[in-house]
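K.L.:
I'd like to ask you about the structure that follows.
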């Protein structure tokens, strides 16, 4: 054998394959880890036995080895010796023993726990270990510095909870033939299980001829692979969706049977926005056949009226559907074009194609059930949901789907659960008057409203909110305005990088962190945030630990095992061990076990319950999760790797059969009124500043505040990721850098070439961007044809600041600095902040001094262009 | 005898570069070295603009100019059509890299091996177990993961590709996957036909 034919490919070298689960994003593709006889991890492949990712991995999943062997991994516990804290300031770490580290942390956190537990600001973001995330509940703390953040799905998750009783949602790749993607990478680049979604989507597109239409201001991968790209002005997607609804209703392109039988669209709504009820609480509807009012459950019902105006029980009222139709009178494609810039002809042809593809009236037999077949659906996520009026925005996209009757129908728009815990769990429960119970609290309950506020980020003021962490900064800057009667002084951070993720100026966030008495970070590599820590508790990584997880697989269900492929490389511990050690020293073991029992569902099976006084390992918790799912023990999971199967049709399709879906979300009225009463009773001084207009049971075309900023900020800035940077940390990874920084999309600030010319700029010019809320940031501009003329796009690859992590290249400031973090730009329903901003561009002659000191993205890009590597 | 080759399905490819990193980890490639790349190209004028993602690798040409110019016999074609480089015979003259019209060959430098993937001169255990395949100064390129092919497996880039945009097999076998997909969808040989190198890599759109 010549030298070139000896075994050089890593997967064929002598060794073993270990079944495990990826953690390069928060999802749970299963993989196979190849470990050589010498104990080196030298190849990671997708697991072909998993019907979700089918042996495939995304670029991040392929790059996991470089995370494991990152020379900058934290190798032992450390304490800070430099009291100065700041970006790029060396903490001067000193190695310490685990005992000393735990003792320091327990003492410092314990001081706040004794004084006032509210003074503890947690930031725990390990999505695959939700029990770690909820550790603060073991001392009744609902604070959240950054986790489950609004940059994700602040409005998306509550909206899915109302409509599907689910955490996420996706179009049904198995049957869908006409897929609209609005502001999302689903199926192409990001969000739910990127490798799995891309795999199934490609098959649908190529083998079945599915048509894809992508609505977004930048031609992303989804746009590039679509039959049609619809460029849209940022932050106007709601108005676009309403214009589609206008056409669908006015041209009669609706599933009337679905709307009448399966939704609350016929329920009569009074002028106060509430359903009209009799004295027993039953809701009135109108029988169009007999032209009289009847109760919702009247067996003599002839034909549910969807339109008209009536007087029932002494009240003027209209069916909920008519209320929507009234709103849509102002939402013609011509009227909405003035906001969205989408031509009316485009809206009309998409609406017509969509309705035609939906095959209204068609049925399909699946597992003995006759189900409506609706193979057309409107899908959306981050870019479309991240709006000031987030709940209304999300609701508007859902209503496009409602009109063609595709909610949870084969081919339509399906609810996706985060973790179903047990194999036979059906998520939907009956609510009032035949309706499905809306489940907006997908991540647990919101604490009762309090004044002075108990939660520093005001969580309890958002009746169906996910955490609004950006408000931590608003409150920090002006605590008196919000009546805050305490000041946080300790942070507990685990796998979370708030100084990278948060929106609002970095300086504000630095100020909060500089003023903490104590910060502990549990992490594996240095980040913007760990640079501010007082103690580092190094965790073992995904290749060294146990876990069992199911994180919103789009089309499948089942638990996925993580098991150690190798012994820990360094003196590190699992997150379970770390938090149990802290808990023990703080007297919290029993209460934390109670929290875990509830959060992971162990309370459902007595033999799985964690017992008082006992600490558990990552392995013991993983085994319980597997057993809870399907009764199989750890040996079974070690052999099979996962219990992933295609989702049972009873879960995917109309799991709410016999209940009516919430076309009209009456809750918006009741939670608004309850909150008003509550605020008045408690004498909340900011009641008059509260954005009460946000609570709408049906979405309106009212403009978000971003459209009312000073005109000098003439462009709309937004940021984006692609599949190489999907979710968390990527840019310290040499393989990811080697692809990201060779892609022109990720090396410049993107501007439509016509806009660039009009501003007298040329590609390569250095520009300064400012918004009314923050900045400036600097960057190199590139003119492209793939951007909306009113938009400025900044890749996440240009978002880092100078840190101790030598592998991460900083750019000219973080886009998020320019985003708003105030109440005015926050959805009063969900806490979702606006995630775009108005910007103005100025050409500058040279980089500012701070960017001339080396180590920037732009210098690296130039070096790559000269043929050097991406260091 | 066989004629191993690849078809790239441009309709499937999403330009994600999973293939590129899958290749890097399978072949322990030094920083900045690629056996495969995925390029992207925008065409048209706003709003009628499109982007195409174009995967590339060594075309394993039947009339391989790299093989013809190689003075040491290091570049050779296996019986199954895979164009190989024997690192022990390679004298590092670089003629092949110049001759390749597709820019698919890289010269390994001592510096890139010493510097390592993190650029700090400390090699990870992963690199230590992989770099012994490289001789500084010699030329390397994609060999369709020939060890894997010998073991009856597809190349690493093929198995990881999330959209199955890479279809690998034997063009001499009428029933092979690449032949079947070419029959169904049509398609053309890699560009630069005028070079007449007879690439065994095809593109379908």
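Residue numbers (the numbering used here), protein chains in the order written: chain A, 286 to 1156; chain B, 150 to 354. Built from N, CA and C at the ideal position, the CB exists for glycine as well.
#1: So residue 306 of chain A contacts chain B; which residues on that side make the cut at Cβ distance below 8 Å?
#2: In this structure, how does DSSP classify residue 513 of chain A when only helix, strand and coil are distinguished?
#3: Between the region 359 to 385 of chain A and chain B, which residues of the former have a C-beta closer than 9 Å to a C-beta of the latter?
#4: Would you call residue 504 of chain A buried or exposed, if buried means 16 or more other Cβ atoms sit within 10 Å of its Cβ?
#5: Which bits of chain A does residue 177 of chain B rub up against, with CB to CB less than 7 Å?
#6: Tell me which same chain residues have a C-beta within less than 8 Å of the C-beta of residue 567 of chain A, skipping the five on either side of it?
#7: Taking C-alpha atoms, which residue in A:318, A:1096, A:303 lies nearest to residue 174 of chain B?
#8: Residue 799 of chain A: which of A:367, A:359, A:542, A:1043 sits nearest, CA to CA?
#9: If you drop the 5 nearest sequence neighbours on each side, which residues of the same chain put their C-beta closer than 7 Å to that of residue 1136 of chain A?
#10: Cβ atoms of residue 1121 of chain A and residue 303 of chain A: under 8 Å apart, would you say?
#11: Tell me whether residue 738 of chain A is buried or exposed, calling it buried when 16 or more other Cβ atoms sit within 10 Å of its Cβ.
#12: Who are the Cβ neighbours of residue 841 of chain A in its own chain at under 7 Å, not counting the five residues just before and after it?
#13: Pick from A:558, A:683, A:597, A:902: whose alpha carbon is nearest that of residue 523 of chain A?
#14: Can you look up residue 803 of chain A in the DSSP assignment and give me helix, strand or coil?
#15: My parser needs the beta strand (DSSP E) runs of 3 or more residues fully inside the region 587 to 671 of chain A; what are they?
#16: Go through its chain and collect everything with a Cβ distance to residue 907 of chain A's Cβ below 6 Å, but skip five positions before and after it.
#17: Taking beta-carbon pairs under 9 Å, can you tell me which members of the region 188 to 209 of chain B lie near chain A?
#18: Output yes or no for whether 8 Å exceeds the beta carbon distance between residue 670 of chain A and residue 1106 of chain A.
#19: Taking the Cβ atom as the reference point for each residue, do residue 744 of chain A and residue 760 of chain A lie within a distance shorter than 8 Å?
#20: Suppose only complete runs of 3+ residues qualify. What are the beta strand (DSSP E) ranges in the region 778 to 831 of chain A, listed by chain order?
#21: Between which residues of its own chain and residue 1021 of chain A is the CB-CB distance below 6 Å, once the five residues before and five after are set aside?
#22: In this structure, what does DSSP give as the bridge partners for residue 338 of chain B?
#23: Cα separation between residue 864 of chain A and residue 810 of chain A?
#24: At 4 residues or longer, and completely inside the region 980 to 1028 of chain A: list those alpha helix (DSSP H) runs for me, N to C.
#25: Cβ of residue 750 of chain A within 8 Å of Cβ of residue 1116 of chain A?
#26: Can you give me the C-alpha to C-alpha distance between residue 982 of chain A and residue 680 of chain A, rounded to a whole angstrom?
#27: Which residue's Cα is closest to the Cα of residue 1051 of chain A: A:1039, A:1140, A:1058, A:1066?
#28: Could you check which residue in A:409, A:855, A:1149 has the C-alpha nearest to that of residue 357 of chain A?
#29: Mind checking who residue 1125 of chain A pairs with in its DSSP beta bridge?
#30: Which value, in whole angstroms, describes the spacing of the CA atoms of residue 881 of chain A and residue 874 of chain A?
#31: Buried or exposed: residue 150 of chain B, going by 16 or more other Cβ atoms within 10 Å of its Cβ?
#32: Look up residue 568 of chain A in the DSSP assignment and say whether it is helix, strand or coil.
#33: Between the Cα of residue 421 of chain A and those of A:547, A:402, A:1111, spot the shortest distance and give me the residue it belongs to.
#34: Does any residue of chain A have a CB that is nearer than 8 Å to the CB of residue 328 of chain B?
#35: Compare the C-beta of residue 1020 of chain A against all C-beta atoms of chain B and say whether one is closer than 8 Å.
#36: Since residue 406 of chain A and residue 428 of chain A should fall inside the 8 Å C-beta cutoff, what is the C-beta to C-beta distance between them, to a whole number of angstroms?
P.N.:
Result, derived from the coordinates:
#1: Position 21 of the first chain, counting from 1, holds the residue named residue 306 of chain A. Going along chain B, no residue has its Cβ under 8 Å from residue 306 of chain A, so there is no contact; the nearest lies around 16 Å.
#2: One-based indexing of the first chain puts residue 513 of chain A at position 228. Strand at residue 513 of chain A.
#3: none
#4: Within the first chain, residue 504 of chain A is the residue found at index 219, counting from 1. That one is buried.
#5: On the second chain, position 28 is the one that residue 177 of chain B refers to. In chain order: 295.
#6: Position 282 of the first chain, counted from the first residue, corresponds to residue 567 of chain A. Excluding sequence neighbours, residue 567 of chain A sits near 580, 581, 582, 718.
#7: Position 25 of the second chain holds residue 174 of chain B. Ranking the options by Cα distance to residue 174 of chain B, first place goes to A:318.
#8: One-based indexing of the first chain puts residue 799 of chain A at position 514. Minimum Cα distance to residue 799 of chain A is reached at A:367.
#9: In the first chain, residue 1136 of chain A corresponds to position 851, counting from 1. Closer than 7 Å at the Cβ level, and outside the excluded window around residue 1136 of chain A, lie 1063, 1097.
#10: On the first chain, position 18 is the one that residue 303 of chain A refers to. On the first chain, position 836 is the one that residue 1121 of chain A refers to. Not in contact: residue 303 of chain A and residue 1121 of chain A (Cβ atoms no closer than 8 Å).
#11: One-based indexing of the first chain puts residue 738 of chain A at position 453. By the neighbour-count rule (16 or more Cβ atoms within 10 Å), residue 738 of chain A is buried.
#12: As a working mapping, residue 841 of chain A is identified with position 556 in the first chain. Excluding residues within five positions, the ones whose Cβ falls inside 7 Å are 336, 337, 929, 930, 931, 932.
#13: Along the first chain, read from residue 1 onward, the residue named residue 523 of chain A stands at position 238. Selected option, being the one with the closest Cα: A:683.
#14: Along the first chain, one-based indexing puts residue 803 of chain A at 518. The answer is strand: DSSP assigns residue 803 of chain A an E or B state.
#15: 595 to 597, 600 to 604, 648 to 651, 654 to 657, 661 to 665
#16: The residue given as residue 907 of chain A occupies position 622 in the first chain. Answer for residue 907 of chain A: 831, 832, 833, listed in chain order.
#17: 189, 191, 192, 193, 194, 195, 196, 197, 198, 199, 200, 201, 202
#18: Looking up residue 670 of chain A in the first chain gives position 385. Looking up residue 1106 of chain A in the first chain gives position 821. No. Outside cutoff.
#19: On the first chain, position 459 is the one that residue 744 of chain A refers to. On the first chain, position 475 is the one that residue 760 of chain A refers to. Not closer than 8 Å, so no.
#20: 803 to 808, 820 to 823
#21: Along the first chain, one-based indexing puts residue 1021 of chain A at 736. Same-chain partners within the cutoff: 348, 1009, 1015.
#22: The residue given as residue 338 of chain B occupies position 189 in the second chain. Paired residue(s): B:351.
#23: Here residue 864 of chain A is taken as the residue at index 579 of the first chain, counted from 1. Here residue 810 of chain A is taken as the residue at index 525 of the first chain, counted from 1. The alpha-carbon atoms of residue 864 of chain A and residue 810 of chain A are separated by roughly 18 Å.
#24: 1019 to 1025
#25: As a first step, residue 750 of chain A is located in the first chain; it is residue number 465 there, counting from the start. As a first step, residue 1116 of chain A is located in the first chain; it is residue number 831 there, counting from the start. The answer is yes: Cβ separation under 8 Å.
#26: Mapped onto the first chain, residue 982 of chain A falls at position 697. Mapped onto the first chain, residue 680 of chain A falls at position 395. Between residue 982 of chain A and residue 680 of chain A, the C-alpha separation is close to 9 Å.
#27: In the first chain, residue 1051 of chain A corresponds to position 766, counting from 1. Residue 1051 of chain A has its Cα closest to that of A:1066, out of A:1039, A:1140, A:1058, A:1066.
#28: Stepping through the first chain from its first residue, residue 357 of chain A is reached at position 72. It is A:855.
#29: Your numbering for residue 1125 of chain A matches position 840 in the first chain. According to DSSP, which records beta bridges pairwise, residue 1125 of chain A is partnered with A:1055.
#30: One-based indexing of the first chain puts residue 881 of chain A at position 596. One-based indexing of the first chain puts residue 874 of chain A at position 589. Rounded to whole angstroms, residue 881 of chain A to residue 874 of chain A spans 10 Å at the Cα level.
#31: Taking the first residue of the second chain as position 1, residue 150 of chain B is located at position 1. Flag for residue 150 of chain B reads exposed.
#32: Along the first chain, one-based indexing puts residue 568 of chain A at 283. Here residue 568 of chain A sits in strand by DSSP.
#33: The residue given as residue 421 of chain A occupies position 136 in the first chain. Nearest option by C-alpha distance: A:402.
#34: Here residue 328 of chain B is taken as the residue at index 179 of the second chain, counted from 1. By this cut-off, residue 328 of chain B is not an interface position.
#35: Against the first chain, residue 1020 of chain A aligns to sequence position 735. Closer than 8 Å to some Cβ of chain B, the Cβ of residue 1020 of chain A qualifies, so yes.
#36: Counting from 1 along the first chain, the entry for residue 406 of chain A is found at position 121. Counting from 1 along the first chain, the entry for residue 428 of chain A is found at position 143. About 5 Å; that satisfies the 8 Å criterion.
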